[in-house]
Amino acid sequence: MKPHAAASTSSNRNTTVKFRIPTSDNLVPIRLDIEIDGQRFRDAFTWNPSDPDSEVVIFAKRTVKDLKLPPAFITQIAQSIQSQLTEFRSLEGQDMYTGEKIVPIKLDLRVNHTLIKDQFLWDLNNFESSPEVFARTFCTDLGVEDPEVGPAIAFAIREQLYEIAIQSVASARETRINKKGRRGAAEQFPARKRREWDVYEPIVDLLSSEEVDALEAREERNART
Amino acid sequence: METPSQDPSLKLPLPADEPQLDLYTIPRHSSWFSWDDIHDTEKSHLREFFDGSSFTRSPKIYRDYRDFIISKFREDPSRRLTFTEVRKSLVGDISVLHKVFAFLERWGLINFGAPAGEGLGKEGNWRVRVEDGAPNGVRVVAAPNSLKPVTVPPSGSDSGRAMEGNGFDLPPLASYRDVYTERKGTICGNCKQRCESGHYECTKEGSFIICVKCFKNGNYGENKSVDDFKFIDCIPNSGNHEAVWTEAETLLLLESVLKHGDNWDLVAENVKTKTKADCISKLIQLPFGDLMLGSTHRRGKLWDNDGNTSIVQQGQLPSSEAHPQENIKTEDQCHDVENERNQNGDAETQVPSLKRKRTISPSDTGNALMKQVALISSMVDPHVAASAAEAAVTALCDECQCPREIFDGDANEGEELGSSPQHNKKERSLQVDGSEVEERPTKLESQGTSSEKNAIPLTFRMRAATATALGAAAARAKLLADQEDREIECLAATIIETQLKKLQCKIKHIDDLELIMEKEYTQLEELKESIVAEQMHVLQRVFSTGISRWRDHTSVKPQVDSVL
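Sequence lines, in order, name chains A and B.
Under the numbering used here, think of the first position of the first sequence as 30, with each following residue one higher.
Under the numbering used here, think of the first position of the second sequence as 1498, with each following residue one higher.
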């Protein structure tokens, strides 16, 4: 049962908890994008912040060995992971405002040949939520065969939750948000208007190799500029 | 919303005059469900709606979610409703929605009896599949009619294409590769058999091939004559890479695995004629291959059980070492180190004095060891090698009388005669293992005296040494093999015992079940009897009060009246 199952609703609006990712597992999304000598290594995964720091170096070494990257990557990878972890930890001590916050989460990602577009609502207050469970249901229901899609979806959700959580830390320090802001979703419960169904419906596309190449080229160009 | 559904598991009869109802099946344990109310089960499982913790969750909202989802499912109860279909139509935290959905599914209120289709091509609009390039199983070539495989199968002629038809003669377990690898001309176009030794290719139509037999028999196929064919010898090993691993290659492979461990690219480079995959598969096939794969990090802890190849190599090496011309100078060193070596239980053709220089740990046996032996003996100076050879020969002499006689008899010494009864006595009285330690020092001393008088021709000694080495190794191998056999028998017996025990347990279990069933059966019988008795009792009373249901009413009525 949730810890803040108090009798009156008004007390919930004021509760604050220590900063953490608002999911059942407190896992930090880590993104790596390292370029050395023309070789680019990009990766995204979740890390458990309670793992000892020695694990970071071990992981970096293992990754470099498995992917046969030049050893210069080891330090870079380890540093990048460490800095993101430190950032997370610096926020950990602070308070997070957990009022009524139902936020829209958008997915717009390409994993190998699969393109995913989706939108849905997520309750930041729900500390039992799990992006991984959602991702698994998503892939099973839509028959996604590529096994890399699930983790990518879970990661994308986590990243967005992380960013929103960071914002809510900042907001806890400032004055309380006004009441209007708290009602995140402006829609009426529970049934959605039919014309909006398309917006909230997930779209999964399988691309051909040429389209993938074209998209990648475009992304690179955007990243450069 | 549709009219209330009836749960067929409830035994209420349907009155004939009720309106048409749709029948939906839900499991018995969900019979608490009703549209008009929220049951305690729901309240306890989905507490977040009922504790007022959020204005986004309330009983009313819960009911709306629930009713929507169930109705959505009942629009078509034969298909499996997925969460993704409903969540687009409902506003709310997606995790909570999922929880409601999972709750309903678990209790069978939705998706009960729906097929568990795993999302394979359910609806066309969910998936857009763009095929780029040729689909699977089709290979595109540069030009038409080229001899490279155009489509599968490779032969382009009509008779060749008959292979794809229903009556081709491939064995039932033919794999994809068997059928579809580039077999230019190895299937005869006529009789559809494989062309073993060579084939005749038709010059007119380049891809028509017949085998030697058909050519001899005159079956040339339609419209062809003798002149149209020219003979082509078969290309050996045309498609098959994994054929033969020669000894040299295997040796190379083992060396490179020891050196490079996990790095298969380097191993494949070393063994130049084989690919990475071949190396790995060959290594696994070798009896100790698994151990090598696992232990490449622990260099040197290598247990070679492949006695045969090691024996062959062992045989060659002692002959190269046996050039005994000097005295034994390092006697002491020899026998000290030999003590240690014997404690490790190795084969006797070791090079004890050089043990400290070995890079592989002393527990090695076999191939790698002998290579090391050769290496080291070439590194050190001849004195040491000679004494080592002497020691080796001595060790051989322990096991077999024959070489000793050769060596000792050739020496022709009086001292030899004196000491040989000593040797023989000691040899016979002591065991093979363990006690050689004491034997050795005495042997060496006596051997030392006799070695000075060695006038035996070199080749003879070499031959003797080789023979002894082979004999010794063979004997040891046999012992090991016997031991292995016994172990295998023992293990097999254990397995059989275990299986029997398993069966016995199962039988006992089944017996117990039978017993229970019999008891239940008797209980049921009793119940039946009692019911029958009751029935009879009731009927009796009915009769006694005079009301009969089976007789004609007219005849009964006067009776009724009279009783009343």
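No residue lacks a Cβ here, since even glycine has one placed at the ideal position from N, Cα and C.
In this structure, Phe-1580 of chain B and Thr-166 of chain A form a Cβ contact; the two beta carbons are roughly 5 Å apart against a cut-off of 8 Å. Linking Ser-79 of chain A to Thr-92 of chain A through their CA atoms gives a straight-line distance of about 20 Å. In this structure, the straight-line span from the alpha carbon of Thr-2019 of chain B to that of Gly-172 of chain A is close to 53 Å. Using a Cβ-Cβ cut-off of 7 Å, Thr-1538 of chain B is close to nothing in chain A; its nearest Cβ partner there is about 17 Å away. Short of 7 Å from the beta carbon of Leu-1606 of chain B, and not among the five residues preceding or following it, lie these beta carbons of its own chain, in chain order: Ile-1523, Ser-1527, Phe-1530, Ile-1567.
Comparing alpha carbon positions, the residue from B:Lys-1769, B:Leu-1750, B:Thr-1770 closest to Ile-1777 of chain B is B:Leu-1750.
Contact annotation: the segment 181-191 of chain A touches the segment 150-163 of chain A, with at least three C-beta pairs closer than 8 Å. With respect to the 8 Å criterion, Lys-130 of chain A and Leu-150 of chain A are not classified as neighbours on the basis of their beta carbons. Relative to the Cα of Glu-240 of chain A, the nearest Cα in the group A:Ile-195, A:Thr-143, A:Ala-101, A:Lys-90 belongs to A:Thr-143. Rounded to whole angstroms, Val-140 of chain A and Ala-1865 of chain B show a C-alpha spacing of 49 Å. Note that the C-beta distance between Phe-102 of chain A and Ile-65 of chain A is below 8 Å. For Pro-1574 of chain B, the secondary structure class from DSSP, reduced to helix, strand or coil, is coil. Excluding its 5 nearest sequence neighbours in each direction, Ala-107 of chain A has C-beta neighbours in its own chain below 6 Å: Val-85, Val-86, Ala-89, listed in chain order.
Proximity of chain B to Asn-141 of chain A at the Cβ level (cut-off 8 Å) is not reached, the minimal Cβ distance being about 14 Å. Taking the Cα of Pro-58 of chain A as reference, the smallest distance to any Cα among A:Asp-234, A:Pro-133, A:Cys-168, A:Asn-77 is reached at A:Asn-77.
What Ile-131 of chain A touches in chain B, judged by beta-carbon distance under 8 Å, is Thr-1553, Gly-1589, Asp-1590, going in chain order. In the three-state reduction of the DSSP assignment, Lys-1998 of chain B falls in the helix class. For a Cβ distance threshold of 7 Å, residue set Thr-166, Asp-170 of chain A lies close to Phe-1580 of chain B, ordered along the chain. Residue contact with chain B for Phe-88 of chain A: absent (no Cβ-Cβ distance below 8 Å to any residue of chain B). Glu-116 of chain A and Lys-1868 of chain B have their alpha carbons spaced roughly 57 Å apart. Chain-order list of chain B residues neighbouring Asn-155 of chain A: Asp-1590, Ser-1592, Val-1593, by C-beta distance under 7 Å.
With respect to the 8 Å criterion, Leu-1543 of chain B and Lys-1585 of chain B are not classified as neighbours on the basis of their beta carbons. Counting of Cβ neighbours within 10 angstroms places Ile-2004 of chain B among the exposed residues, the total staying below 16. Counting only the Cα atoms, Ser-1874 of chain B lies some 6 Å from Ala-1882 of chain B. Straight-line spacing of the CA atoms in Ile-1535 of chain B and Asp-1564 of chain B works out to 11 Å. Only residues of its own chain outside the window of five on either side were considered, and among them Leu-120, Glu-121, Gln-123, Met-125, Val-198 have a CB closer than 6 Å to the CB of Phe-48 of chain A, listed in chain order. With respect to Ala-1989 of chain B, Leu-1893 of chain B sits apart: the two C-beta atoms are not nearer than 8 Å. Around the Cβ of Phe-1957 of chain B, a 10 Å sphere holds fewer than 16 other Cβ atoms; the residue is exposed. Within the same chain, no residue comes within 6 Å of Ala-243 of chain A by CB-CB distance, once the 5 residues on both sides are set aside. Spatial neighbours of Thr-1553 of chain B in its own chain (CB-CB distance under 8 Å, excluding positions within 5 residues in sequence) are listed in chain order as Gly-1589, Asp-1590.
Boundaries cannot be given for Trp-1742 of chain B, as no alpha helix (DSSP H) includes it and DSSP labels it neither H nor E. Annotation: Ala-1871 of chain B to Trp-1761 of chain B spans about 27 Å, alpha carbon to alpha carbon. DSSP places Gln-113 of chain A outside any beta strand (DSSP E); the residue lies instead in the alpha helix (DSSP H), whose first and last residues are 101-121. By alpha-carbon distance to Leu-235 of chain A, the top candidate from A:Ser-83, A:Asn-251, A:Leu-190, A:Asp-175 is A:Asp-175. For Glu-230 of chain A, there is no enclosing beta strand (DSSP E), since its DSSP letter is neither H nor E. DSSP lists A:Val-132 as the beta-bridge partner residues of Trp-151 of chain A.
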